[in-house]
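Input: a single structure, listed below in structure tokens.
Residue numbers (the UniProt record's numbering): 1 to 500.
The following block contains the structure:
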């Protein structure tokens, strides 16, 4: 049936077509419009083959030249060597791209002995399989061109438009250059184009939701997205691009003309969240799992990690340097966040601070970021046992006291406000002859920050909270504000409330 428009004074008229007329009309319409694939036939296939061949030719031609380290090959190649040597390193990019390079090195039998020290070093002299490394980005870059071509075709563009789009990248000098080097960029662009192509193929299935093809392309979008962000974090912009497209698509599904029930619409949202958020996130975490499983040995990235993490690495310098702490040993206590040592000196807190508050006028206890003889303390047992515990190891959760070596005074915390924070107790020291009288105020418990496989406290590896047992506060310092001139501009050391 067809409705023709009537003049203002006429009633709308219904014009009926019989089946024969309808068939003629459909044939007429079909003759008027043809899809690009129908219009150009196998010309699309021929163009695809030509573009693919040109892509491989331009990317692989004289791939071995130059036979020396170029630009950021010095970084990516070095990271691949660290993987092959299983030495821990730290990098700003996720591990997936570098893992692929390491996999290529492993396939060709490279042991990672070449460390890509600086630009200009020859590969040939050391017989490095650099051509195999360069073949990976060259191959992925070559595969990018047919994907661009197919993306334009599936999006409904003509053959000339598809050829032009692919040719712009095919003959782009910058794209050719970085595709022939040991870099991550060719991988990233390949993953981005796979994401866009997968989304277009998924969008074309919008009229047959929840079908096999619909699920297949939705899942492949998630895989491609995870690859993008697992190579470089700049891939988050691809996430945003696809996210905007998905939101627009969901908005269209809400249209009243669609006739979608709320239940079906919620299904659309849940399935998209699963395939486009959860699956990419799981795959992204999987590459980090592989990353940490491979890098079991100590390496140049140790310094960026926590002491607890470094403790898990084989041949760690911390493990080698760590010594068991015993009672009556001389030690220093270092604050992790500010790298400042617990410090004390004979000078005393002023009787009255600038704001009028009163102090204990006790010996100053501060924190300093440098080594000094006034940073040295002796670990004493909870009770004076005439050195009966001499040589016994100090264990986590032990209650101890600290003797300041230079001034021969005992560390103490009490109910007097610290100089800068009125809510925090002041730390000071008392002479040995007064320590017995004030014994409860000199006790500190050594609580581990994490569950420890061993009970004994070790130097270098001993990360713990020093808890004052009477006030229930943790020993703490900060560098937000420094002490005034009377405190020599050092960091305040006081007690921080512990919440359970």
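Backbone N, C-alpha and C fix where the C-beta goes; we use that ideal spot for every residue, glycine too. As the structure is a computational prediction, the values presented were derived from the model and not from experiment.
Item to complete: Could you have a look at residue 135 and say whether DSSP puts it in helix, strand or coil?
Response: Within the chain shown, numbered from 1, the residue matching residue 135 stands at position 135. If DSSP states are grouped into helix, strand and coil, residue 135 belongs with the helices.
Worksheet entry | For residue 348, the residue or residues it bridges with in DSSP | In the chain shown, the residue the question calls residue 348 occupies position 348. In DSSP, residue 348 forms a bridge with 363.
Worksheet item: Count the other CB atoms within 10 Å of the CB of residue 377; is the residue buried (16 or more) or exposed (fewer)?
Response: Residue 377 sits at position 377 when you count from the first residue of the chain shown. So residue 377 ends up on the buried side.
Item to complete: Kindly give me the distance between the Cβ atoms of residue 382 and residue 400, rounded to whole angstroms, as I take these residues to be in contact under 8 Å.
Response: Within the chain shown, residue 382 is the residue found at index 382, counting from 1. Within the chain shown, residue 400 is the residue found at index 400, counting from 1. That pair is a contact at about 6 Å.
Worksheet item: Is the beta carbon of residue 74 less than 8 Å from the beta carbon of residue 119?
Response: Sequence index remark: in the chain shown, residue 74 carries index 74 (1-based). Sequence index remark: in the chain shown, residue 119 carries index 119 (1-based). Against a cut-off of 8 Å, the Cβ pair of residue 119 and residue 74 comes out as a contact.
Fill in: Inside the region 250-319 only - alpha helix (DSSP H) runs reaching at least 4 residues
262-273, 279-294, 307-311
Item to complete: With residue 218 as the anchor, note down where its alpha helix (DSSP H) starts and where it stops.
Response: Sequence index remark: in the chain shown, residue 218 carries index 218 (1-based). Element bounds for residue 218: 212-231.
Item to complete: Would you mind working out which of 212, 131, 293, 330 sits nearest residue 390, comparing C-alpha positions?
Response: Locating residue 390 in the chain shown gives position 390, counting from the first residue. Selected option, being the one with the closest Cα: 330.
Item to complete: Mark residue 62 as exposed unless 16 or more other C-beta atoms lie within 10 angstroms of its C-beta, in which case mark it buried.
Response: Position 62 of the chain shown, counted from the start, is the residue given in the question as residue 62. Flag for residue 62 reads exposed.
Worksheet item: Got a sec? Which residues, its chain only, sit under 8 Å from residue 304 by beta carbon, not counting five neighbours each side?
Response: The residue labelled residue 304 in the question sits at position 304 within the chain shown. The residues are 90.
Fill in: Residues of its chain near residue 24, where Cβ-Cβ distance is below 6 Å and the 5 sequence neighbours each way are ignored
Numbered from 1 along the chain shown, position 24 holds the residue referred to as residue 24. Low per-residue confidence applies at residue 24: pLDDT is 49, beneath 50, and the placement is therefore not dependable enough to give any value.
Worksheet item: DSSP on residue 29, reduced to helix/strand/coil?
Response: In the chain shown, counting from the first residue as 1, residue 29 sits at position 29. With a pLDDT of 47 at residue 29, under the threshold of 50, the modelled position of that residue is not reliable, and no figure is offered here.
Practice prompt. Would you identify the three-state DSSP class for residue 343, choosing helix, strand or coil?
Written response: Position 343 of the chain shown, counted from the start, is the residue given in the question as residue 343. Residue 343: strand per DSSP, three-state reduction.
Worksheet entry | Among 65, 54, 105, 66, nearest to residue 79 - alpha-carbon criterion | Taking the chain shown and counting its residues from 1, the one referred to as residue 79 is at position 79. Among 65, 54, 105, 66, the Cα nearest to that of residue 79 belongs to 105.
Practice prompt. Determine the burial state of residue 481: buried for a count of at least 16 other Cβ atoms within 10 Å of its Cβ, exposed for fewer.
Written response: Locating residue 481 in the chain shown gives position 481, counting from the first residue. Under this definition residue 481 is an exposed residue.
Fill in: Local Cβ density within 10 Å of residue 240, reported as buried at 16 or more and exposed below that
Counting from one through the chain shown, the residue named residue 240 turns up at place 240. The residue in question, residue 240, is exposed, as its Cβ has fewer than 16 Cβ neighbours within 10 Å.
Fill in: C-beta atoms of residue 269 and residue 223 nearer than 8 Å
For the purposes of this step, residue 269 is taken as the residue at position 269 of the chain shown. For the purposes of this step, residue 223 is taken as the residue at position 223 of the chain shown. Contact flag unset, no.
Item to complete: Could you spell out the range, first to last residue, of the beta strand (DSSP E) harbouring residue 492?
Response: By one-based count along the chain shown, residue 492 stands at place 492. Looking at the DSSP string, the run of the beta strand (DSSP E) that includes residue 492 is 491-497.
Worksheet item: Shortest alpha-carbon distance to residue 72 belongs to which of 183, 85, 312?
Response: The count along the chain shown starts at 1 and reaches residue 72 at position 72. The shortest C-alpha separation from residue 72 is found at 183.
Worksheet item: residue 447 lies in the beta strand (DSSP E); which residues open and close that run?
Response: Residue mapping note: residue 447 aligns to position 447 of the chain shown, counting from 1. That run of the beta strand (DSSP E) goes 444-448.
Discussion item. With a threshold of 7 Å on Cβ separation, who are the neighbours of residue 102 within its own chain once the five nearest residues in sequence on each side are excluded?
Written reply: For the purposes of this step, residue 102 is identified with residue 102 of the chain shown, where counting begins at 1. Cβ neighbours of residue 102 beyond the five flanking positions: 80, 83, 84.
Worksheet item: Could you give the C-beta distance for residue 420 and residue 375, rounded to a whole number, given that I count them as a contact under 8 Å?
Response: On the chain shown, residue 420 is found 420 positions in, with the first residue counted as 1. On the chain shown, residue 375 is found 375 positions in, with the first residue counted as 1. Not a contact, Cβ separation roughly 21 Å.
Worksheet entry | Presumed contact (8 Å Cβ cut-off) between residue 458 and residue 323, rounded CB distance | Residue mapping note: residue 458 aligns to position 458 of the chain shown, counting from 1. Residue mapping note: residue 323 aligns to position 323 of the chain shown, counting from 1. Contact holds; Cβ gap of about 6 Å.
Discussion item. With H, G and I counted as helix, E and B as strand and the rest as coil, what does DSSP make of residue 187?
Written reply: In the chain shown, residue 187 corresponds to position 187, counting from 1. Looking at residue 187 - three-state DSSP - the assignment turns out to be helix.
Item to complete: Classify residue 93 as helix, strand or coil using the three-state DSSP reduction.
Response: Residue 93 sits at position 93 when you count from the first residue of the chain shown. Coil, per DSSP.
Item to complete: Might you give, ordered along the chain, the residues of its own chain that have their beta carbon closer than 8 Å to the beta carbon of residue 492, omitting 5 neighbours on each side?
Response: By one-based count along the chain shown, residue 492 stands at place 492. Taken in chain order, the residues that qualify are 366, 367, 418, 419, 420, 421, 477, 478, 481, 482, 483.
Worksheet item: Is the region 346-356 touching the region 294-308 in the sense that three or more CB pairs, one from each, lie closer than 8 Å?
Response: no
Discussion item. Give me the residue from 428, 393, 413 with the minimum Cα distance to residue 362.
Written reply: Within the chain shown, residue 362 is the residue found at index 362, counting from 1. Nearest option by C-alpha distance: 428.
Worksheet entry | Contacting residues, own chain, Cβ-Cβ under 8 Å from residue 279 (five flanking each side not counted) | The residue you call residue 279 lines up with position 279 of the chain shown. Here the set comprises 219, 222, 223, 226.
Worksheet entry | Rounded straight-line distance, which links the Cα of residue 440 to that of residue 115 | What you label residue 115 is simply residue 115 of the chain shown in a count that begins at 1. What you label residue 440 is simply residue 440 of the chain shown in a count that begins at 1. When rounded, the distance between both Cα atoms is 57 Å.
Worksheet item: To the nearest whole angstrom, what separates the beta carbons of residue 140 and residue 187, a pair I think is in contact under 8 Å?
Response: Translated into positions along the chain shown, residue 140 becomes position 140. Translated into positions along the chain shown, residue 187 becomes position 187. Confirmed, Cβ separation roughly 6 Å.
Worksheet entry | Beta-carbon spacing of residue 60, residue 174 below 8 Å | Taking the chain shown and counting its residues from 1, the one referred to as residue 60 is at position 60. Taking the chain shown and counting its residues from 1, the one referred to as residue 174 is at position 174. Taking 8 Å as the Cβ cut-off, residue 60 and residue 174 do not qualify as a contacting pair.
Discussion item. Counting C-beta neighbours from all protein chains within 10 Å, is the total for residue 497 16 or more, i.e. buried, or is it exposed?
Written reply: For the purposes of this step, residue 497 is identified with residue 497 of the chain shown, where counting begins at 1. Burial call: exposed.
Worksheet entry | Rounded Cβ spacing between residue 494 and residue 424 (contact assumed at less than 8 Å) | As a first step, residue 494 is located in the chain shown; it is residue number 494 there, counting from the start. As a first step, residue 424 is located in the chain shown; it is residue number 424 there, counting from the start. Confirmed, Cβ separation roughly 4 Å.
Discussion item. Please classify residue 127 as buried or exposed, where buried requires at least 16 neighbouring CB atoms within 10 angstroms.
Written reply: Numbered from its first residue, the chain shown carries residue 127 at position 127. Exposed, since its Cβ has fewer than 16 Cβ neighbours within 10 Å.
Worksheet item: Which residue comes first and which comes last in the beta strand (DSSP E) that contains residue 39?
Response: On the chain shown, residue 39 is found 39 positions in, with the first residue counted as 1. Counting along the chain, residue 39 falls outside any beta strand (DSSP E), though it belongs to the alpha helix (DSSP H) covering 36-40.
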